[in-house]
Each structure stands twice: as C-alpha cells, then as structure tokens.
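Here's the structure, in structure tokens; my notes come after.
Numbering (this note's numbering), first residue to last: 1 to 382.
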C-alpha cells in the first residue's frame, strides 16, 4: 500500500505501541468506519511511501498494528450495525466492532463467539488478521476456522469478497495475514449456541510439569476448553507446577435455582482501573511475582469439579482490571509464544528450566494443547 500521504482532519501524528508498550513508533493515525468505503479507499490510495497498516484496539502485545513514518488506519464501528442470524447461528460484523461489544449482543440471545482469546477488547478484524486462538484450539481450531466470508479492501482501493470457496488463496492469506493483504471491512462468522452465560469448570492442581502434561494428554479431549497456568518461578521438584482449568458452557440444569431464573444474564463490567501513573519500574517484579505465584498455586484446590463461573470470569479474568499493562511501568513487557510438537515435550521442559533458573519474572505463563492447523499460511501455528 503506497501513495501520497492522506490529508484528513481525522489524521494526526501519534506515538503508537502495542499492549506491551515496548516498541513505540511515531506515525499518522487515521480513524475511520468500515462502512465508509469510499473514504477508506481514498485513504488507502493516498498512503505515503512508508505505507500503512490496519489497526483495531491495539491489543497485540508487539508492534504489528503500527507503522513508523507511515499510517495506521484504525477502524471504529458501531455495534448496532451487527446483523445476527439466530436461525443459522451466524453474525455479520463490521471489522471495527470489538468482541466485548459483540458478546454483549450475543450472550443474551444464547450465542457465543466460536473462539475467544484472553481478552474481549479486540476487534473482529484484528481477531481475523491475527487468527486468534483460545482455550478450545485442541477441538475447534482458531478464529479463522469459523469465518464464513469476509470483505477485503485492497491496496488499489477495490473491495473483494472472499470465502473458503471464493478466491480461497487470498482468503486464507488474509486469515492470520496480519493486515498484509489489505484492510478487512466486515466478516460473517459462525457462532456457538449456549444455554447460559456461565461455564462449568473443573480444576486440577499439578505438582510439576510432567504431571500437568499427563493430565492434559489424558483428559483434554473430554473438555471444550482447557488452559493451564504455570508457575515459572518454581524450581527443583516443583518445576513447572501448575493449575489446570477445563470446562464447557454450563447447562441450565447445572445452575443454582437463583441463577436459573435468568440464565443468560451477562455482566462484563470492569471492576478496577490501574492509574496512568505507576512507578518507573512498575509493580511487577521478582518479589511480587514470586508472592503472587505462591498464593495462586496454593489457593487452587487439588481437585474441584463443576464450579460455576461467569463467562468473563473464565475467559477474560484480566479484563476486570482496566489498563493492567500499566502495572509493568514505563519499560513495558514482552510476551513470547511458541509451539512444541507432540513427542518433543523435552523442549518445553528445557524452556521452563531455563526461565526458572534465570529468575526472569513472568506474571502470566499458560499452556494449551493445540489441534490441527488450518490452511492459513501465515497463521500461528501454520
């Protein structure tokens, strides 16, 4: 995407970063709506030599949604433009609508997104461009597996319709393509039917990494959702000690009588917000993480079955705290994700050993089992 710089009252030079705040850059920010296609096409055709990239809510941990010296085109769309087809369990959604806004529409109707990441504050366009994964990859794959069709704005200003059957190569290059094929304008996604706004969750506490891997290998296929928290500060016999939570959407007959009165009530309000001024080094350090990890491991039950948890509480616990990335201070943080093939678990053990030996503080470390990859060549995992 290259051309002359956009001259728009909605454009401004800004300092942008991802959620980790470690790699800021200065460029032009243009805020537009995906339904204003003529204006978007003009913006794309007038991009400077440094080009541009689409941006949603800036929740990628690194720098994929910023372009130093170029343009970030941020899509902001209104939730009322979402079209929900309850009969076919699909929704056609403008790319700039967030999962937070979408869930507020879906859950009271007995519907849920097919894949949810650890935060609901991502746009649908960003979810597709990053081909996000969640706790159910082992059974249902990543977000792109459930996209029925999408509209894509190309660098020349034209809009093309894509699906697994219509221009499939460009469709799959866009799924997980990080915005490199163009700007996603809207998409139709398949949805999951649910009876309640709660989940039934089983918890197991694993004393070490090998015990965790055994639990996941033997039992994950019986659960739609599975994720393990790992204590990367533990060493020796406790290396890789973990808390494994697995579950599915709760049925009405699993709820307490009081909850069953309104089984689809949905409350996803934030409870706290971290203030903008946090001491330079932040509040996340070796001492605080070690204390938190000890508390988190010991408060988890050795074995608990059928705990009823709200959708926000199970899928998006960090979202209860607004701007939690500020806890890391001015230096920010880096998130590293990697994939280990089945049969190569020793590589995972070596990673855990090295992190534990280094003393590098990690506030959040999770492990999931992945299923088969989709045809998207740029997705994680490809």
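Virtual Cβ for every residue (Gly too), placed ideally from N, Cα, C.
{"Query": "Can you tell me which of the three DSSP states residue 319 falls into?", "Result": "helix"}
{"Query": "Grab me the residues of residue 283's own chain with a C-beta within less than 6 Å of its C-beta, minus the 5 sequence neighbours each way, in chain order.", "Result": "327"}
{"Query": "For residue 277, is the classification buried or exposed, using 16 other Cβ atoms within 10 angstroms of its Cβ as the cut-off for buried?", "Result": "exposed"}
{"Query": "For residue 303 and residue 97, what's the separation of their Cα atoms in angstroms?", "Result": "39 Å"}
{"Query": "So within the region 226-274, which uninterrupted beta strand (DSSP E) runs reach at least 3 residues, ignoring any that extend past its ends?", "Result": "242-249"}
{"Query": "Since residue 112 sits in a beta bridge, which residues does DSSP pair it with?", "Result": "192"}
{"Query": "Quick one: give me the first and last residue of the beta strand (DSSP E) that residue 310 is part of.", "Result": "303-310"}
{"Query": "Give me whichever residues DSSP pairs with residue 161 in a beta bridge.", "Result": "151"}
{"Query": "Identify which residue in 59, 53, 306, 78 has its Cα closest to the Cα of residue 67.", "Result": "53"}
{"Query": "Is the region 305-321 close to the region 140-159, with three or more CB pairs under 8 Å?", "Result": "no"}
{"Query": "Put residue 221 into one of helix, strand or coil per three-state DSSP.", "Result": "helix"}
{"Query": "Looking only at C-alpha atoms, which of 12, 324, 203 sits nearest to residue 314?", "Result": "203"}
{"Query": "How many angstroms separate the CA atom of residue 45 from the CA atom of residue 28?", "Result": "15 Å"}
{"Query": "Measure from the alpha carbon of residue 82 to the alpha carbon of each residue in 69, 71, 100, then state which is nearest.", "Result": "100"}
{"Query": "Can you find the residues in the same chain that come closer than 6 Å, C-beta to C-beta, to residue 179, ignoring five residues on each side of it along the sequence?", "Result": "53, 54, 129"}
{"Query": "If the criterion is Cβ atoms closer than 7 Å, does the pair residue 320 and residue 259 meet it?", "Result": "no"}
{"Query": "Could you give the DSSP three-state label for residue 335: helix, strand or coil?", "Result": "coil"}
{"Query": "Here's the rule I'm using: 16 or more other beta-carbon atoms within 10 Å means buried, otherwise exposed. How should residue 243 be labelled?", "Result": "buried"}
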